[in-house]
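Input: a single structure, listed below in C-alpha cells.
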Amino acid sequence: MLHFFCKCSKQAFRGLNYDTEMDKVSLQNMDLSTELIDWYQQNKRDLPWRNTTDAYLIWLSEIILQQTRVEQGMPYYYRFAEKYPTVSHFAKAPEDDILKLWQGLGYYSRGRNMLKTAQLVQQQYNGVFPTTYQELIKLKGIGEYTAAAISSFSANEPRAVVDGNVYRVLARFFGIDEPINSPKGKKLFQQLADEALNRQHPALHNQAMMEFGAMLCKPRNPACGICPVRLGCVAFASNATTALPVKLKTVKVRKRFFNYLLITDGGNLLMNKRGEGDIWANMYDLPLIETDGLMEPEALLQLPEIVDFFGENAVIKQKTTVIKHILTHQQLFIRFVILDVAPLKLKKNWFYTTVRNTENLAMPKTIFIFIKDFFNF
DNA sequence: AAAACGGGGGT
DNA sequence: ACCCCAGTTTT
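In the numbering used here, the protein residues as written are 180 to 556.
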C-alpha cells in the first residue's frame, strides 16, 4: 500500500503544490482504495445491477450507462432486463425492436452493436456471456472501460476501470493536470488506476471509485467537507478541485437545417427510414429536406427536388416554428411543414404506415414528440 | 489524433 | 451558454 504512493509521487505531484509536512504524513498513512471502499459500503446506492454477477445483465447495464446518468438509464435497464432476460432472448430480437426500446436514450449505435454482440455470443459462445477481459474487449461496443467493468464485476478479474468518475477522482487526489482526453493523459490515468487498484477486491474497488466520484467528488461543488480522503488530496490542499481534471477544449458544432414534411393519405402517414452514416442511423423519421440555411416553406416548395417529387401543386396547410435541437456535435434547426399533396412518386426509403403504427417505430425523440402531439395520442 | 455519435440535467 | 454523464467507433 505504501509503495504505491512512493512510486507515483514524483510524477503525480508535478506542477501542483504539495509541500506541507502535515499533508505528507497524512497521505502516507492513508490508502486510497481502503478508504473509498469503507466510504462506499456506508454510502452506496442500491442499484439493481450491483445485486448480480450475471455477466449478461452487467453488460446490459454497462452499455446503457455509457455517457448516461444512472437516473436516466435506470428505467431502460428494467425494460430491457424484463423483455430480454438472457442474451439468447436478446439475440433473437429484430433490430427495430431494440432501437424502439432504446428510443430516447441516445447514442443508438450502442443498441445496434449490442444486437451484433448478442448474436455473436449466442453463436460463438453458445449463449454464455464471456467474463474475461481478453474475450470481452473483442466484442462490438465493448471498449477498455466496459471490458474492465464486466470482468471485474462478474468474475472479480483484477482490472481497473477508468471512466469519467475515475478520471476526476485520480486527477484531484494526485493533482494531475495532464488532459484526460489526450492520448498521453489516457495512458497515464490508466496506469495510475492500475496501480491504485485493490487487487484483493477488484469489483468492490471499482464500484467504490465510481460511486465516490459520482456522489461526493462531483464535477461541480464536490463535498470536500465530508470527504474521507481530503487530507491526502492534492487538489484539496492546493485549492485546485475546480481546476481538475483538465480537459482539452471541445470541438465546435455544425449547424444543420431540417425541413420535415408531414404528408397524410387518409389515415396513413408518409414516413422515412434513415440510412447509415449520419445521426439516427436506421431509425425512422419523416420525409426530410435538408437545406444549407433557414428556408421558408414557401421557398422550399420551389426547389427542383421538391417539384420533382410533389409537382407544383403542393399546398402548405400548416407550418411550425423552428425548433432548436441540440446534439453534441450538431445544432439542428427543425421545422415541420404540413402539406396537402399526393406525391407523384416516393423516394427509396419512404413508405406509408398508419398513424397508430408510428408508435411502434424507433424515432428520434424530437420527431416522436412532434408526431405524438400533432395526432394527439 | 481528432471527430462523430443523443439526450438530459446542473450551474 | 457551457459542462458533464459508469465511452466506443470511425475517420
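Glycine included, every Cβ here is placed at the ideal spot set by N, Cα and C.
Smallest Cα separation from residue i: which of the options?
i, options, result
"T499", "E477, E336 and C412", "E477"
"R433", "I458, N418, L449 and I277", "I458"
"S330", "Q313, K319, G320 and D342", "Q313"
"N305", "V348, C412 and T265", "T265"
"E538", "D444, F556, W529 and F530", "F556"
"L558", "P362, A339, E274 and P358", "No answer is possible for residue 558: it lies beyond the span of the chain, which begins at 180 and ends at 556."
"L423", "P273, P309 and K397", "K397"
"D217", "A387, I242, Y287 and N344", "A387"
"K319", "I550, Q298 and K279", "Q298"
"A460", "N528, V413 and Q245", "N528"
"V516", "I502, D471 and N400", "I502"
"D464", "F269, A416, K551 and P381", "K551"
"V494", "L449, D519 and A334", "D519"
"F553", "V307, Y346, P337 and T443", "T443"
"K426", "L278, T231 and R347", "R347"
"W228", "I546, G252 and D210", "G252"
"S240", "L280, R453, T325 and E475", "T325"
"Y263", "A372, Y235 and Q246", "Y235"
"F547", "E475, Q510 and M462", "M462"
"N342", "M450, K526, Y531 and L244", "Checking the sequence, you will find Asp at residue 342 rather than Asn. Out of M450, K526, Y531 and L244, L244 has the C-alpha closest to the C-alpha of D342."
"P466", "R409, E484, G285 and G456", "E484"
"G568", "I468, G290, R535 and Y257", "This structure gives no information on residue 568, because the portion of the chain shown stretches from 180 to 556."
"Q220", "E390, V408 and L449", "E390"
"K428", "I359, H380, S267 and T545", "I359"
"L540", "D487, T470 and N451", "N451"
"L506", "L479, F259, G472 and K431", "K431"
"A350", "R378, I321, F415 and G404", "F415"
Quick check on DSSP: helix, strand or coil for residue i?
i, result
"W459", "coil"
"D198", "Note on D198: pLDDT 36, under 50, position unreliable in the model; the coordinate value appears next. D198 falls in the coil class under three-state DSSP."
"D342", "coil"
"Q207", "Confidence in Q207 is poor, its pLDDT being 38 and thus under 50, which makes the residue's placement unreliable; the coordinate value appears in the next sentence. Three-state DSSP puts Q207 in a helix."
"D487", "helix"
"D233", "coil"
"E477", "helix"
"D356", "coil"
"R347", "helix"
"L427", "coil"
"L215", "helix"
"P309", "coil"
"Q221", "helix"
"G285", "coil"
"G320", "coil"
"A393", "helix"
"A419", "coil"
"P227", "helix"
"L239", "helix"
"L482", "coil"
"Q386", "helix"
First and last residue of the alpha helix (DSSP H) that includes residue i?
i, result
"V266", "V266 to A270"
"K279", "E274 to W281"
"I505", "Premise fails: I505 lies in the beta strand (DSSP E), I502 to I505, not in any alpha helix (DSSP H)."
"L371", "P362 to A375"
"P254", "V249 to K262"
"S288", "S288 to Q303"
"G404", "From DSSP, G404 is part of no alpha helix (DSSP H); its letter is neither H nor E."
"E323", "E323 to A334"
"H380", "Here H380 belongs to no alpha helix (DSSP H), and DSSP marks it neither H nor E."
"V413", "V413 to A416"
"Q313", "Y312 to L315"
If I follow the unbroken beta strand (DSSP E) through residue i, where does it start and stop?
i, result
"M450", "N447 to K452"
"E564", "Summary: the structure shown does not reach residue 564, with the chain confined to residues 180 through 556, and so no result is reported for it."
"I495", "V494 to K498"
What residues match up with residue i in a beta bridge as DSSP calls it?
i, result
"F437", "E469 and I513"
"L443", "It should be noted that the sequence gives Thr, not Leu, for residue 443. Per DSSP, L448."
"D464", "N451"
Legend entry - Length-filtered (3 minimum) beta strand (DSSP E) runs lying within the region 507–556: 509–519 and 529–533
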